[in-house]
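Asker: The structure follows.
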Amino acid sequence: MISNDTALMAHLLRRAGFGASRDELERYLEMGYDGAVEALLNPSDPGNMPDDLIRRYHVEQSELRDLAGSAAYWMYRMISTSSPMEEKIALFYHSLFATGYAKLNQARCLLNQVDMFRRSGLESFEDLLLELSKDPAMILWLDNNENHGTAVNENYGRELLELFSMGIGNYTEDDVKECARAFTGWTLGNAEYMSIRAAKDSIWPYGRIAWHFEYRDEDHDDGEKTFLGETGRFNGEEIIAIIVKQESTARFLATRLFQFFAADEVTKAGEQVINEMMATYFSSGYQVRGMLRTLFHSDHFKSEDARFTRVKAPAEMVVGAIRMAGKYQNPVLGIEKVSNTMLYMGQGLLQPPSVEGWHEGLEWINSGALVERVNFAAKELSDVKSPGVRSIINRLESSSEGGVLDPADLADGCLDLLGPIQVSDETRSVLVNYAARNGDLDLNGHQPGDEAEQRVGNMLRLVAATKEYQLA
Amino acid sequence: MTTTNREKSLIVIQLTGGNDYLNTVVPYGDGHYYDNRSTVNIPQEKVIPIDGKVGFNPSMGPIKSLWDEGKVAVINGIGYQTPNRSHFRSMDIWHTAEPDAIGREGWLGRAIRDFDPQGENVLTGINFGRGLPRSLACQGVSVASVGDLATYGLFPDVQDEELRMFTLEAFSMMYGGAAGRDPVLNFLGQTGQDALQGADILRTAPAMYSSSVEYAPDSLSQNVKSISQVFHADLGARILYTTHASFDTHSGELQTHAKLWDEVSGAVGSLMDDLKEHDREKDAAILIFSEFGRRIKDNGSGSDHGSGGVAFLIGGAVDGGMYGEYPSLAEAEQLEGDLRSNNDFRSVYTDILEDWMGLDAAPIVNGQFEKLNLFRA
Amino acid sequence: MSTQTQSPSITLDYVKTIGIVNNGLNGRGFANPYDTAVDGDGRIYVLNRCDPARASAIRVGICTIDEEYLGEFGRGNGAGDGQFVWVVAMALAGDGRLFITDEYNHRVTIYNTSGAYLSHWGVPGSGDGELNGPAGIAIDSSGNVIVVDQHNARIQKFSADGKLIAIWGSFGSGEGQFNLPWGVAVDQHDNVYVCDWRNDRIQKFTNDGEFLAVFGESGHGEGQFQRPTSVAIDPEGFIYVADWGNERVQVLGPDGSFQLLLRGQATASKWAEDYFASNPEEKAERDVANLHPDLPAHLNTPYHISSQTEPFFWGPVSVSLDHQGRLYVAETNRHRFQVYQKR
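Residue numbers (this note's numbering), protein chains in the order written: chain A, 1 to 472; chain B, 473 to 849; chain C, 850 to 1192.
Right, dumping it as structure tokens:
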């Protein structure tokens, strides 16, 4: 029997990370649930693949000019990090504050933005919105470089309220205008040159030049503004201070965090957790870490009802399978082909379809995407040469009686070690029937890649192809 | 599912990277051309003349033959009002028919939804190549993306065919069981069945096709061959899409561009021969487009991103000829050093959607656009 | 903009920048250059590493100091004869043979300067004469070929016709040990200098591999290195180092003493000027832009500064010298090389 501790820890690691191999799971189990939550929420040295090695072998990931190489660079982080929450929170904001390559043609700056999400994503939401408003990729993405004291461009001001904080219906059109005025003069260095290069997708003559924030006082509208009922000569900082005080902001953020880290659909029990997260938001001084702590400690999150209630995003699908298989831990030729599979599944890193980010949940699933998802996970997890699968084989052998597994042992063992994954009775019976194809499996004296091992690989392939494996 | 035999299909060949209009349909009779293209030009004697003013790139022989048969419409100066010279953004604009805002839905995705609102035929739209161009993306629309027709489907890496069939059977049982209470698992089950069905049908296509036409070994010709196989199998595929790259010829253009057009012309020539052999020339139309044209002035080795470009519509039902004026190369007429577009791409879409596919174009292309009457009445 | 301390006995004047990013598979420009070599006629060979999108591009471009682009050669991407995957470095022998290392195919491929493929050496492995990720390469005055056998943490010396002569080195950080070594060069006396990349130092050996000296240590200061990738020694014994991780070039005296450092001062190449001529609106904005910006604190690293400061070296991966005292610094991330003249 799978202990509930193990199942719960695996659930936590699917949400605050990308799932976990049994070795990783056991390390967290040693900390206990509370200790694990704290370890995840307080990322230390991520121990990911070092930049110098990546840059030496992958010139495209040194320059970070093209999209495919830049997405692969981020995927390397995701698959090699020992602080998965850091990448998960960055992924969360990448969809929430969705900024895309298409308009910018500047992957390096998008990665700088992702760095900012890692650095500040678990801290104060007020500070984060301030950094976001100064983020050069965001500035160009939402035209704030065209937001001048004498000619207001409302794009950023509007999306800040509608998509990044309060949500529609909680402010007026006048608030949008006043908000936009407050952000006039918030631009990027060499804004005119950089925007013409972005608009033309110019890499000429010497590749891209990265961007940085610049405040132009002479272009800022310093006049009096009335925003959400308060009046003053507000600059962007004051506007953000007002935004984060709003209950609508707390509800917006708590709901989005809940949907990303707990469940695609918000049930009544979920509503209750969201309220608790909002309370934490205010009591902690807008700390995102505190809100997630509240979530992860809630009875609802820890209950069985919360498990397997999210469709895995393509990034979770790809990274989860690779981490489980323990592959690509050093720079390898062709890695961008691996990360491109996320794109084929509908989630190209650094290229969200619009400022609204990706539509998650069931929208990840269509027949083309499902074929990609199943084929990818099945291929990675059936590779008996990979260290992760080798470890699974060894665990199956040592947990069996005399090295022999009957069909149910094999199916259940694989379900356990890839998760544990809960499956329906129907799915399980198909798996057991499949496992019975060549009778009991004798792992005694198994050798790398032999027929006995390949049978485990075949079983893992089918488990990776279940409906249930599509869920986190 | 329903099969909709012998309905008209659209085949799209997307030229990614910005095809150089000036060196494709060459205005060799205009002195401005050689003034601006002092290095990166097609010499007059090499151009395949159409009339005394413009001619085709020397690599476009097969297309010239089709032109002579009246099957090629050349849409001059195609683009949109405020040109965007970024590959991604401009391609998005062409894909979503939405120049002013970021669109989420592809024009062909919408067309597929209109053809098949219930999603009964998972093969109504097919892309040949990995991933999904945004033109085909639309919420609730499933489009098959076929990297390789020979291995398309689930578990392509399983070499042992018996094991693969056994695994597919298990998959079918896991996804095909009776619907339960969980709507997410039910949806996954249905989608898995669709995927299996689509793959099963697609795999039958090559066996249902025979032809004496030999396609070239390059990737475009091979994708176009797959398109031909699926088209001729009458699986109800209405939109068949593929892309070719990279036309982003900033350097060494003459060599690269010639090779690319050799490939495009070869693929199109073979496909048209194939359609003729099967007496299906009037059932397919081929649209060839690129996200933008290139700068009028060359950069000494290639040409940079520009605006107004050229598109082609080719087929037995197409009313061949020149559509629209060739934009002027004179300095006073230029738009920031580029050709000024004078044909909106959404007009071409409107022709295709209404006169070829029988759909209401306006909601798909986000407005009313004057048609060019590209098809024979 | 060279920084100089005390009174160095060497001065380098900036001459020009050559290059432009090449976005295609052939034609003028470079794609992630990894090394340069100059022949007796002043023809400059540029080895393009090429990102995956351009993996099948032609790998060796040729141009002159007057920025005439003469063409390119190579047989594309792969493991076939004359093909490349991950090229690293290049050395030109006195007999006109051009040796090119490929750390993916684990071999040294030889072309002549007319672009004809001649042969290749090496099989993957760790035995004598076998290679695992060959990186730097140099040719001594006798025509011997010295190859940095990266993943085997050793140097192998071959005769001009490919016979193994000597092997030295092992993995580690002690004297004569290496951690992912990269560049190599010989001086007038045929001493061998190796960039001990992940140990952040240069080691000097006799031609037979006897340890002589070590220069540098980890750090950002003068005489300190971050992942040095390439080294060259001029006739007077000055040591030029591509201090890659610090995005700069340092020059040491024959005794290893710090002399000066270069941060880069690229200007528009002739090919860049051609681009601006057909894109005047971009040029107009460029002319009023500040290409030496001050950056926020979180971007204050050599890498980020270089990514924002176009004239600076970014990915200065190789230093080469010609017979006229010119220094060529190839920059992977900027697809160009800067030329300096020793006064």
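Note that CB positions come from ideal geometry on N, CA and C, so glycine has one too.
Bear in mind that the values here come from a model prediction, so they are computed numbers and not experimental data.
Report the residues of the region 193–217 of chain A with a CB closer than 9 Å to any CB of chain C, ordered along the chain.
Answerer: Those would be Y193, M194, S195, I196, R197, K200, S202, I203, W204, P205, Y206, G207, R208, I209, A210, W211, H212, F213, E214, in chain order.
Asker: Starting from I365 (chain A), find everything on chain B with Cβ-Cβ shorter than 7 Å and list it in chain order.
Answerer: Under the 7 Å cutoff, chain B gives F659, L660, T663.
Asker: Check for me: the beta strand (DSSP E) holding K225 (chain A) runs from which residue to which?
Answerer: Run containing K225 (chain A): 225–227, per the beta strand (DSSP E) assignment.
Asker: In three-state DSSP terms, what is F560 (chain B)?
Answerer: If DSSP states are grouped into helix, strand and coil, F560 (chain B) belongs with the helices.
Asker: In whole angstroms, what separates the C-alpha of N1149 (chain C) from that of N1095 (chain C)?
Answerer: Roughly 12 Å separates the two Cα atoms.
Asker: Determine the contact status of K1191 (chain C) and L861 (chain C), defining contact as a CB-CB distance below 8 Å.
Answerer: Yes.
Asker: Do you know whose CA, among A:G47, A:F97, A:A102, A:Y57, lies nearest M85 (chain A)'s CA?
Answerer: Nearest option by C-alpha distance: A:G47.
Asker: Using a cut-off of 9 Å between C-beta atoms, extract the partners of I824 (chain B) located in chain A.
Answerer: Within chain A, no residue comes near I824 (chain B); the closest Cβ sits about 23 Å away, beyond 9 Å.
Asker: Go ahead and pull the three-state DSSP assignment for P314 (chain A).
Answerer: Three-state result, P314 (chain A): helix.
Asker: Restricting to Cα atoms, I'd like to know which of A:L431, A:E453, A:S424 is closest to G388 (chain A).
Answerer: The candidate whose alpha carbon is nearest that of G388 (chain A) is A:E453.
Asker: Would E1071 (chain C) and L1110 (chain C) qualify as a contact pair, given that the criterion is a beta-carbon distance under 8 Å?
Answerer: Against a cut-off of 8 Å, the Cβ pair of L1110 (chain C) and E1071 (chain C) comes out as a contact.
Asker: Quick one, are the C-beta atoms of F376 (chain A) and A321 (chain A) less than 8 Å apart?
Answerer: Cβ atoms of F376 (chain A) and A321 (chain A): closer than 8 Å.
Asker: Against S339 (chain A), what residues of chain C qualify as contacts under a CB-to-CB distance less than 8 Å, listed in chain order?
Answerer: By Cβ distance, chain C contributes nothing, its closest Cβ being about 11 Å from S339 (chain A), past 8 Å.
Asker: At a Cβ threshold of 8 Å, is D900 (chain C) touching chain B?
Answerer: Not closer than 8 Å to any Cβ of chain B, the Cβ of D900 (chain C) fails to qualify, so no.
Asker: For a cutoff of 8 Å on Cβ pairs, would you count Y647 (chain B) as touching chain A?
Answerer: Answer yes: the Cβ-Cβ gap between Y647 (chain B) and chain A drops below 8 Å somewhere.
Asker: Counting Cβ pairs, one atom from each stretch, are 3 or more of them under 8 Å apart for the region 1060–1078 of chain C and the region 1002–1011 of chain C?
Answerer: The answer is no - the region 1002–1011 of chain C does not touch the region 1060–1078 of chain C, with fewer than three Cβ pairs under 8 Å.
Asker: Ordered along the chain, which non-local residues of its own chain (more than five positions away) have a Cβ less than 6 Å from that of A609 (chain B)?
Answerer: Correct list, in chain order: G578, G581.
Asker: Count the other CB atoms within 10 Å of the CB of Y469 (chain A); is the residue buried (16 or more) or exposed (fewer)?
Answerer: Looking at its Cβ environment, which holds 16 or more other Cβ atoms inside 10 Å, Y469 (chain A) is buried.
Asker: What number of angstroms, rounded off, separates the C-alpha of K385 (chain A) from the C-alpha of G19 (chain A)?
Answerer: Cα to Cα, K385 (chain A) sits roughly 21 Å from G19 (chain A).
Asker: Can you grab the Cα-Cα spacing for the pair W1031 (chain C) / V685 (chain B), in whole Å?
Answerer: Their Cα atoms are separated by approximately 52 Å.
Asker: If we call anything under 8 Å between Cβ atoms a contact, is A191 (chain A) one with N105 (chain A)?
Answerer: No, they are not a contact pair.
Asker: Using the three-state DSSP reduction, which class does D588 (chain B) fall into: helix, strand or coil?
Answerer: Three-state result, D588 (chain B): coil.
Asker: Considering only their Cβ atoms, is the gap separating N845 (chain B) from D823 (chain B) smaller than 8 Å?
Answerer: For D823 (chain B) and N845 (chain B), yes; Cβs fall inside 8 Å.
Asker: Report all residues from its chain with a CB closer than 7 Å to the CB of G223 (chain A); omit the five preceding and five following residues, and keep chain order.
Answerer: So the list reads R233, once near-sequence residues are dropped.
Asker: Just list the alpha helix (DSSP H) runs in the region 637–704 of chain B, keeping only unbroken ones of 4 residues or longer that don't cross its boundaries, in chain order.
Answerer: Runs of the alpha helix (DSSP H) inside the region 637–704 of chain B: 655–676, 691–704.
Asker: If the cut is a Cβ gap below 9 Å, which residues of chain B does E426 (chain A) touch?
Answerer: Result: M645, M646, G649, A650, G652.
Asker: Take the Cβ of D900 (chain C) as the centre, count every other Cβ of all protein chains shown within 10 Å, and call the residue buried at 16 or more, exposed below.
Answerer: When all chains shown are included, D900 (chain C) counts as buried.
Asker: From G868 (chain C) to T1116 (chain C), what does the alpha carbon distance come to, in whole angstroms?
Answerer: So the alpha carbons of these two residues sit roughly 10 Å apart.
Asker: DSSP three-state call for C610 (chain B): helix, strand or coil?
Answerer: Coil at C610 (chain B), not helix or strand.
Asker: In chain order, what residues of the same chain have a beta carbon less than 6 Å from the beta carbon of A250 (chain A), not counting five sequence neighbours either side?
Answerer: Here the set comprises M278, Y281.
Asker: Quick one: which chain A residues come within Cβ less than 7 Å of Q1157 (chain C)?
Answerer: Simply I209, A210, H212.
Asker: Please look up how many angstroms separate the CB atoms of V355 (chain A) and E159 (chain A), rounded, as I've assumed it's under 8 Å.
Answerer: So it is a contact: roughly 6 Å between Cβ atoms.
Asker: So is L228 (chain A) in contact with chain C if we call contact Cβ pairs under 8 Å?
Answerer: No, L228 (chain A) does not count as interfacial toward chain C.
Asker: Give a yes or no on whether 8 Å exceeds the smallest Cβ distance from L919 (chain C) to chain B.
Answerer: It does not; no Cβ of chain B falls within 8 Å.
Asker: Are there three or more Cβ pairs, one per stretch, closer than 8 Å when the region 711–724 of chain B is compared with the region 477–490 of chain B?
Answerer: Touching, yes.
Asker: For a contact defined as C-beta to C-beta under 8 Å, what are the partners of L470 (chain A) on chain B?
Answerer: One detail in the question is off: residue 470 (chain A) reads as Gln in this sequence, not Leu. What Q470 (chain A) touches in chain B: L660.
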